[in-house]
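Below: one structure, written as structure tokens.
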Amino acid sequence: MLVPRVLPAAAADVSAPALADRVRSSADVGWSGQVSTVGTLAVPDVDSFGGVADLLGESSDLRVWWRDAEHWRVDKTSSSGESDLARRGDRAATWSFESRRATTTRYSSVRLPDTSDVLPATLARRMLSGAKDADLSRLPAKRVEGHSSAGLRLVPSDARTTISRVDLWADEKTGVATRVEVYAGGRLPVLTTTAAHLDLARPSAEDAGFSFADAVDVRQSYALDDAAGANAFAPFVPPDRVAGLRRTGDLDGAVGVYGRGTTALLAIPLRRDIAREAFAQLEESPAAKRDDDGISLAVGPVSVRLEGAGRGVFLLTGTVTPDTLDRAGEDLGSVRFRPGRGESR
Numbered sequence: 009m010l011v012p013r014v015l016p017a018a019a020a021d022v023s024a025p026a027l028a029d030r031v032r033s034s035a036d037v038g039w040s041g042q043v044s045t046v047g048t049l050a051v052p053d054v055d056s057f058g059g060v061a062d063l064l065g066e067s068s069d070l071r072v073w074w075r076d077a078e079h080w081r082v083d084k085t086s087s088s089g090e091s092d093l094a095r096r097g098d099r100a101a102t103w104s105f106e107s108r109r110a111t112t113t114r115y116s117s118v119r120l121p122d123t124s125d126v127l128p129a130t131l132a133r134r135m136l137s138g139a140k141d142a143d144l145s146r147l148p149a150k151r152v153e154g155h156s157s158a159g160l161r162l163v164p165s166d167a168r169t170t171i172s173r174v175d176l177w178a179d180e181k182t183g184v185a186t187r188v189e190v191y192a193g194g195r196l197p198v199l200t201t202t203a204a205h206l207d208l209a210r211p212s213a214e215d216a217g218f219s220f221a222d223a224v225d226v227r228q229s230y231a232l233d234d235a236a237g238a239n240a241f242a243p244f245v246p247p248d249r250v251a252g253l254r255r256t257g258d259l260d261g262a263v264g265v266y267g268r269g270t271t272a273l274l275a276i277p278l279r280r281d282i283a284r285e286a287f288a289q290l291e292e293s294p295a296a297k298r299d300d301d302g303i304s305l306a307v308g309p310v311s312v313r314l315e316g317a318g319r320g321v322f323l324l325t326g327t328v329t330p331d332t333l334d335r336a337g338e339d340l341g342s343v344r345f346r347p348g349r350g351e352s353r
């Protein structure tokens, strides 16, 4: 008898737009399983980027329990040990088993990418956000780690993006993505993420939650990461549009989130002392380009720019062309202070 892994994938006759809609609507579908990611980008290890360099430049093995978009847990295992990330409603927690330390904080939708963002289901939803039907086509179905999956290709038509195409496969019924490949013009993907041992039953609240033994040192943090902290406390109001991209996300915060899907960027205000450190770290890269207004760097589909804008200094990064990021930096010159906030940075 043939085992499921070698059985042919079931042919799917659902249209590309319909399949994309199912994928986009899968955030609250429960599932659990293992995820392997492979990133090939040499992103500079800048402190303000948090763990982005590891996410996009290394291979990771993850164990996932996903109840819905607001209740999930992702465990990352490596040769150095295990680190966990979990969300429960408006709270988030990170902890390391080896150090026996944990941190809890308020969850923020404005933040740097973390392990939850490279899960196939999460990444697929993000890439398909705002995608035009004309940019979508079907790929042949295939088995992904034994799970029959319908194929979909996205070729963005927006000239501002650095992503050339996204190939993904998903469970046809639920829309939960099982594999995503992101390309930046080359023959090989710059990021691949694959789910194995996929179980489409909703995991228990206990499995997806977080609780700590008495021996664990649990601390409270004011913010999830540097971007979340800047969004809450920096004194700026970013403009409504930069480089023709509309601002989305938390419109009351100080971090500018612009565009969506494959054409998106972040504009993070930095304290001047942190900006100086970031500048020095970016300058160490041979590919960095310095000009009168700042410093720029492009790594695969990821563009980075550090620029003084008006009275502030912003770190800009996203899957947009360097020219688009330059225009965004110029448009940030219209940044304003939040009401009641002075120039305290």
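Under the working numbering, the residues of the sequence shown are numbered 9 to 353, in order.
Using N, Cα and C, we set each Cβ at its ideal position, and we do this for glycine too.
Thinking just about the alpha-carbon of each residue, which of L160, V321, S311 and R335 is nearest to the one in A50?
Reading the sequence shown from its first residue, position 42 is the one you call residue 50. Of the candidates L160, V321, S311 and R335, S311 places its Cα closest to the Cα of A50.
Nearest by alpha-carbon distance to L323: which of A275, R284 and D281 is it?
Position 315 of the sequence shown, counted from the first residue, corresponds to residue 323. With distances taken between CA atoms, L323 lies nearest to A275 out of A275, R284 and D281.
Output needed for R346: all residues of its chain with C-beta closer than 6 Å, excluding positions within five of it in sequence on either side, in chain order.
Locating residue 346 in the sequence shown gives position 338, where the first residue counts as 1. Result list for R346: P243 and V245, in chain order.
Does the separation of the CB atoms of D92 and R81 fall below 8 Å?
In the sequence shown, residue 92 corresponds to position 84, counting from 1. In the sequence shown, residue 81 corresponds to position 73, counting from 1. A contact, by the Cβ cut-off of 8 Å.
So within the region 192–232, which uninterrupted alpha helix (DSSP H) runs reach at least 4 residues, ignoring any that extend past its ends?
Within the region 192–232, the complete alpha helix (DSSP H) segments of 4 residues or longer fall at 213–216, listed in chain order.
Inspect the beta-carbon positions of L232 and S116 and report whether they are closer than 8 Å.
As a first step, residue 232 must be located in the sequence shown, where it is residue number 224. As a first step, residue 116 must be located in the sequence shown, where it is residue number 108. Result yes, Cβ atoms of L232 and S116 sit closer than 8 Å.
When we look at the beta-carbon of K84 and count the other beta-carbons within 10 Å, is it buried (16 or more) or exposed?
Counted from its first residue, the sequence shown places residue 84 at position 76. The residue is buried, with at least 16 neighbouring Cβ atoms inside 10 Å.
Check whether the Cβ atoms of V198 and A204 sit closer than 8 Å, and answer yes or no.
Your numbering for residue 198 matches position 190 in the sequence shown. Your numbering for residue 204 matches position 196 in the sequence shown. Taking C-beta atoms as the reference points, V198 and A204 fail to come closer than 8 Å.
So, under 8 Å CB-CB, V126 and T201 are touching, yes? Tell me the CB distance rounded to an integer number of Å.
Numbered from its first residue, the sequence shown carries residue 126 at position 118. Numbered from its first residue, the sequence shown carries residue 201 at position 193. The Cβ separation is near 5 Å, so the contact holds.
Of the residues D215, L273 and D299, the one placed nearest S40, counting alpha carbons only
Residue 40 sits at position 32 when you count from the first residue of the sequence shown. For S40, the nearest C-alpha among the options comes from D215.
Just list the residues that DSSP pairs P294 with in beta bridges.
Numbered from its first residue, the sequence shown carries residue 294 at position 286. According to DSSP, P294 bridges with nothing at all.
Given A238 as reference, the closest of F220, G252, I282 and R249 once Cα atoms are compared
The residue labelled residue 238 in the question sits at position 230 within the sequence shown. Out of F220, G252, I282 and R249, I282 has the C-alpha closest to the C-alpha of A238.
Can you give me the start and stop residues for the beta strand (DSSP E) that D331 sits inside?
On the sequence shown, residue 331 is found 323 positions in, with the first residue counted as 1. The continuous stretches of beta strand (DSSP E) do not include D331, which lies in the alpha helix (DSSP H) extending over residues P330 to D339.
Is DSSP giving V22 helix, strand or coil here?
Taking the sequence shown and counting its residues from 1, the one referred to as residue 22 is at position 14. Here V22 sits in coil by DSSP.
Could you give the distance in angstroms between the alpha-carbon of R109 and the alpha-carbon of G59?
Walking along the sequence shown from the start, residue 109 turns up at place 101. Walking along the sequence shown from the start, residue 59 turns up at place 51. Going from the Cα of R109 to the Cα of G59 covers about 18 Å.
When you compare the CB positions of T329 and L273, do they come within less than 8 Å of one another, or not?
Locating residue 329 in the sequence shown gives position 321, counting from the first residue. Locating residue 273 in the sequence shown gives position 265, counting from the first residue. Contact flag unset, no.
Buried or exposed: where does G320 fall if 16 or more other Cβ atoms within 10 Å of its Cβ makes it buried?
As a position in the sequence shown, residue 320 is number 312, starting the count at 1. So G320 ends up on the buried side.
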